[in-house]
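Asker: Have a look at this one.
Residue numbers (this note's numbering): 17 to 354.
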């Protein structure tokens, strides 16, 4: 019993589950040792730790299987209270298990413990789908990054790895829990470094105003490993949403940038007016005017001549992210070409 108490403390498995595993193991060992198909069960006394093996036979008028049936007359010799349809339980000899039977019991117990632990790990991490976990990189195997999460391992597949990131053994890393699958080898935890949810959760972790609901993330667009745009708004007029997210001297956003290995982050003021929002989304470029074609959801934007390349961005990235963030197609022109 003290060994079970210790297992409960060390492995986090309830004593009831451990006793159930022991009962199944001893039952398997009994059948292995005695080569019997008897209808037996193991009784484990939770107070003393005493173990009994009990045979269970049904009281019948005609015996078909002596291992499972007992005649009414024979049952009544044991106790007058037995009637047809009742069950008689008797302790049977269970001493002197051989080496093979003991090995069988050990294997059953270990398998039960593994199954219980896998179930607990699955429940723990399936509840964390859509959340961020911290782990240590164990190794990179054929392009798959394997991360130690404590009680389990997570996997970052190549398509979920941010462009340009290097993954080195023993580095600590935060990842987004994409999916938890049940497999024959235990739960498979799929992680992501590219999912937009990772960026959102990092802001929630670093900015208390977002956790408290004072500042709200209204949208985000991300090209992992390169650049992101996050649209925020304050639910209280006296709160500066941009300032809260940037932090004193940029300290809050810099923590997130460092975690994302230098990914550039533009924090945008959200506006329920699409014209203003599109103009804000093209930051850091300065916008002169925005004209909306609501039928086609096209925004025609005018910027100063010297701001055109900034508004479009390298390889069109700034305009592409702004369009993704706002949900509007964006046509950018300079003042000269109007």
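Cβ atoms here follow ideal geometry from the backbone N, Cα and C, with glycine treated the same way. From a predicted model like this one, the values you see are computed outputs, not experimental measurements.
Skipping 5 residues on each side, what residues in its chain have a beta carbon closer than 8 Å to that of residue 251?
Answerer: Excluding residues within five positions, the ones whose Cβ falls inside 8 Å are 229, 230, 231, 232.
Asker: Does the segment 140 to 150 come close enough to the segment 210 to 224 to have 3 or more Cβ pairs within less than 8 Å?
Answerer: As far as the Cβ criterion goes, the segment 140 to 150 touches the segment 210 to 224, which means the pair count is three or higher.
Asker: So for residue 296, helix, strand or coil by DSSP?
Answerer: Correct three-state label for residue 296: helix.
Asker: In whole angstroms, what separates the C-alpha of residue 337 from that of residue 199?
Answerer: Each residue's alpha carbon lies about 38 Å from the other.
Asker: Does residue 79 come out as helix, strand or coil in the three-state DSSP assignment?
Answerer: Residue 79: coil per DSSP, three-state reduction.
Asker: Quick check on the burial criterion: 16 or more other C-beta atoms within 10 angstroms. Buried or exposed for residue 215?
Answerer: By the neighbour-count rule (16 or more Cβ atoms within 10 Å), residue 215 is buried.
Asker: Pull the bridge partners of residue 150 from the DSSP assignment, please.
Answerer: Beta-bridge pairing links residue 150 to 190.
Asker: Work out the CA separation of residue 277 and residue 245 for me, nearest whole Å.
Answerer: Residue 245 and residue 277: Cα-Cα distance of roughly 16 Å.
Asker: Opposite residue 103 in the DSSP bridges: which residues?
Answerer: Answer is 74, bridged to residue 103.
Asker: Quick one: what's got a C-beta closer than 7 Å to residue 92's C-beta in the same chain, skipping five residues either side?
Answerer: Answer for residue 92: 98, listed in chain order.
Asker: Along the chain, where does the alpha helix (DSSP H) containing residue 267 start, and where does it finish?
Answerer: Run containing residue 267: 267 to 275, per the alpha helix (DSSP H) assignment.
Asker: Can you tell which of 65, 81, 64 has the C-alpha that lies nearest to the C-alpha of residue 72?
Answerer: For residue 72, the nearest C-alpha among the options comes from 81.
Asker: Our contact map puts residue 133 next to residue 57 with C-beta atoms below 8 Å; I'd like the distance itself, whole angstroms only.
Answerer: In fact, because the Cβ distance is near 25 Å, the residues do not count as touching under 8 Å.
Asker: Across which residues does DSSP place residue 309 in a beta bridge pair?
Answerer: Answer is 314, bridged to residue 309.
Asker: Is any heavy atom of the ligand MG found at a distance shorter than 6 Å from the C-beta of residue 293?
Answerer: Of the ligands one can find in the structure shown there are none, so the ligand MG has no counterpart to examine.
Asker: I'd like to know whether the C-beta atoms of residue 85 and residue 74 end up nearer to each other than 7 Å.
Answerer: Yes, they are a contact pair.
Asker: At what residues does the alpha helix (DSSP H) containing residue 213 begin and finish?
Answerer: Residue 213 -> alpha helix (DSSP H) spans 212 to 222.
Asker: If you drop the 5 nearest sequence neighbours on each side, which residues of the same chain put their C-beta closer than 8 Å to that of residue 37?
Answerer: For residue 37, where only same-chain residues beyond five positions count, the Cβ hits under 8 Å are 124, 125, 128, 129, 132.
Asker: One question on the structure: do residue 31 and residue 42 come within less than 7 Å of each other, judged by their Cβ atoms?
Answerer: For residue 31 and residue 42, no; Cβs fall outside 7 Å.
Asker: Under a three-way DSSP split, which group does residue 259 fall into?
Answerer: Reduced to three states, the DSSP call for residue 259 is helix.
Asker: For residue 103, I'd like the list of residues in its chain whose CB is within less than 8 Å of its CB, leaving aside the five on either flank, ordered along the chain.
Answerer: Contacts found: 72, 73, 74, 75.
Asker: Three or more C-beta pairs closer than 8 Å, one from the segment 181 to 194 and one from the segment 153 to 162: is that the case here?
Answerer: The segment 181 to 194, when compared against the segment 153 to 162, does touch it at the 8 Å Cβ threshold.
Asker: When the Cα atoms are used, what is the spatial distance from residue 322 to residue 347?
Answerer: Each residue's alpha carbon lies about 17 Å from the other.
Asker: Which residue from 136, 226, 235 puts its Cα closest to that of residue 260?
Answerer: Ranking the options by Cα distance to residue 260, first place goes to 226.
Asker: Straight-line CA distance for residue 95 to residue 107?
Answerer: Approximately 15 Å, taken between the alpha carbons.
Asker: With DSSP run on the structure shown, which of helix, strand or coil describes residue 44?
Answerer: Here residue 44 sits in helix by DSSP.
Asker: Taking residue 7 and residue 318 to be in contact with their CB atoms under 8 Å, please state how far apart those CB atoms are, rounded to whole angstroms.
Answerer: Because the chain in this structure spans residues 17 to 354, residue 7 falls outside the shown range and cannot be described.
Asker: What is the DSSP secondary structure of residue 250, counted as helix, strand or coil?
Answerer: In the structure shown, residue 250 sits in a strand (DSSP, three-state: E or B).
Asker: From the DSSP output, in three-state form, read off residue 29 for me.
Answerer: Residue 29: coil per DSSP, three-state reduction.
Asker: Going by DSSP, which residues form a beta bridge with residue 329?
Answerer: According to DSSP, which records beta bridges pairwise, residue 329 is partnered with nothing at all.
Asker: Would you check if the distance between the CB atom of residue 137 and the CB atom of residue 167 is smaller than 7 Å?
Answerer: Their beta carbons are under 7 Å apart, which means residue 137 touches residue 167 by this criterion.
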